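Chemist:
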Amino acid sequence: MRAEWQAHIDELLQTYQEKRRQIQEMQSRLETIEASAEAADGMVRVKVDRQGRLTSLEFDPRVSRKLGSEELAEAVMEASKKAQNDVADQMRAAMQGLTPEGASGEGGGFDLAKLLPERPDDIEAVRTRLGIQPK
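Mapping of the sequence shown onto full-length UniProt numbering: position 24 corresponds to residue 24, and the numbering continues sequentially without gaps.
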């Protein structure tokens, strides 16, 4: 193999390994994302995990005197939607610049390790996924 080809292959492999490391770090950050939100003047508080699932629901002791059942249900839904939107924003921000256009981690179902496998079998496909143009 010619020396310039080997140098180019080494450079591609180094770029690949760096991107893979960055994606693994990002996946670790994504796993810790959660969000909290309030509604009804703070009388309803919720917390959701990275998939938007409700993990905590708290009511101020005064809530039963201040809100009827329909208002309480609306407040729970409002706070949940706020927290879910916050999680989605955090996930988009964490993934920005490291995932292909249109890739989404919403719902937690996006396996980032599949984007860059341990050993690249198809360098051209990896280059395309990462948006890297050959030199």
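Beta carbons: idealized from backbone N, C-alpha and C, even for Gly.
A quick note: this is a predicted structure, and the numbers were derived from the prediction, not measured.
Taking the C-alpha atoms as reference points, what is the distance between Ala-83 and Ala-93?
Modeler: Going from the Cα of Ala-83 to the Cα of Ala-93 covers about 15 Å.
Chemist: Look at the Cβ atom of Val-48, then the Cβ atom of Val-87, and state whether they are nearer than 7 Å.
Modeler: Cβ atoms of Val-48 and Val-87: closer than 7 Å.
Chemist: Could you check which residue in Glu-124, Gln-24 and Ser-80 has the C-alpha nearest to that of Val-46?
Modeler: For Val-46, the nearest C-alpha among the options comes from Ser-80.
Chemist: In its own chain, which residues sit with a C-beta less than 7 Å from the C-beta of Ile-132, not counting the 5 before and 5 after it?
Modeler: Once the five neighbours on either side are set aside, the close Cβ partners of Ile-132 are Thr-15.
Chemist: Using CA coordinates, which residue listed in Leu-54, Ala-39 and Glu-4 is at the minimum distance from Asp-60?
Modeler: For the residues Leu-54, Ala-39 and Glu-4, the minimum Cα distance to Asp-60 belongs to Ala-39.
Chemist: Would you list, in sequence order, the uninterrupted beta strand (DSSP E) runs of no fewer than 3 residues that lie entirely inside the segment 23 to 62?
Modeler: For the segment 23 to 62, whole beta strand (DSSP E) runs of length 3 or above, ordered along the chain, are 35 to 39, 44 to 48 and 54 to 59.
Chemist: With 7 Å set as the bound, which would you pick, yes or no: does the beta-carbon of Ala-7 sit closer than that to a beta-carbon of chain C?
Modeler: Of the chains in the structure shown, none is chain C; there is only one protein chain.
Chemist: Taking the alpha helix (DSSP H) that residue 146 falls in, what are its first and last residues?
Modeler: Coverage of the chain is limited to positions 1 through 135, which leaves residue 146 absent and any answer about it impossible.
Chemist: What's the C-alpha gap between Leu-72 and Glu-31?
Modeler: Using only the alpha carbons, I get a separation of about 31 Å.
Chemist: Please determine, among Glu-124, Gly-52, Ser-36 and Met-26, the residue with the shortest C-alpha to C-alpha distance to Gly-97.
Modeler: Checked all of Glu-124, Gly-52, Ser-36 and Met-26; the closest Cα to Gly-97 is Met-26.
Chemist: Please report the distance separating the alpha-carbon of Leu-12 from that of Gln-24.
Modeler: Their Cα atoms are separated by approximately 18 Å.
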